[in-house]
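Engineer: Each residue of the sequence shown is one higher than the one before, starting from 3 at the first, in our numbering.
The C-beta atom is built at its ideal place from N, Cα and C for all residues, glycine as well.
Quick one: the structure is below, questions incoming.
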Amino acid sequence: MARAVCNGGILSIIIAILATFLCIEFSRFIEEHTKISAKCLSYIGNNSLICLCLHLFSLNCLDWQKVLTKLRINNISIGIVIANILWVIIMSFIIKNGIKYIKNKIKIGGQKNEI
């Protein structure tokens, strides 16, 4: 399991607060100056929880090394990264579209639920 260990104490808290402020200001800059990047980052942000869950599932449950060995891919480390990225993209697409499909099929108050 990944974890961060820092012996800085109060310095770590100050740095965390400053880093959060920096991220917020950077996000505002992106939103004001580049519309294409803002749309892309907004899409990623809307799907980040699904991506995180799929990534953690992949790390804990899937053995990519065995899969890539059976597929005879030589560079295992790059293969694992690419396989994880593809896994997350494909499964998040399936999950998002599956949720939309299910919501459209559920009738609320005698009417179809429109999304």
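State the Cα-Cα distance for the pair LYS41 and SER29, rounded to the nearest angstrom.
Structural biologist: Looking at the two C-alpha atoms, the distance is approximately 12 Å.
Engineer: Which stretch, first to last residue, makes up the alpha helix (DSSP H) that contains GLY77?
Structural biologist: Here residue 77 turns out to be Asn, not Gly, going by the sequence shown. Premise fails: ASN77 is in no alpha helix (DSSP H) and is neither H nor E.
Engineer: Taking the alpha carbon of ASN48 as the reference point, which residue from LEU61, SER94, ILE17 has its own alpha carbon closest?
Structural biologist: Residue SER94 is the option with its Cα nearest to ASN48.
Engineer: Would you kindly work out how many angstroms separate the C-alpha atoms of LEU58 and ALA85, rounded to a whole number?
Structural biologist: Between LEU58 and ALA85, the C-alpha separation is close to 14 Å.
Engineer: From the DSSP output, in three-state form, read off ILE91 for me.
Structural biologist: ILE91 falls in the helix class under three-state DSSP.
Engineer: Give a yes or no on whether the C-beta atoms belonging to GLY81 and ILE75 are separated by under 7 Å.
Structural biologist: Their beta carbons are under 7 Å apart, which means GLY81 touches ILE75 by this criterion.
Engineer: At which residues does the alpha helix (DSSP H) containing ARG22 begin and terminate?
Structural biologist: In the sequence on display, residue 22 carries Thr and not Arg. Here the alpha helix (DSSP H) through THR22 covers 12-35.
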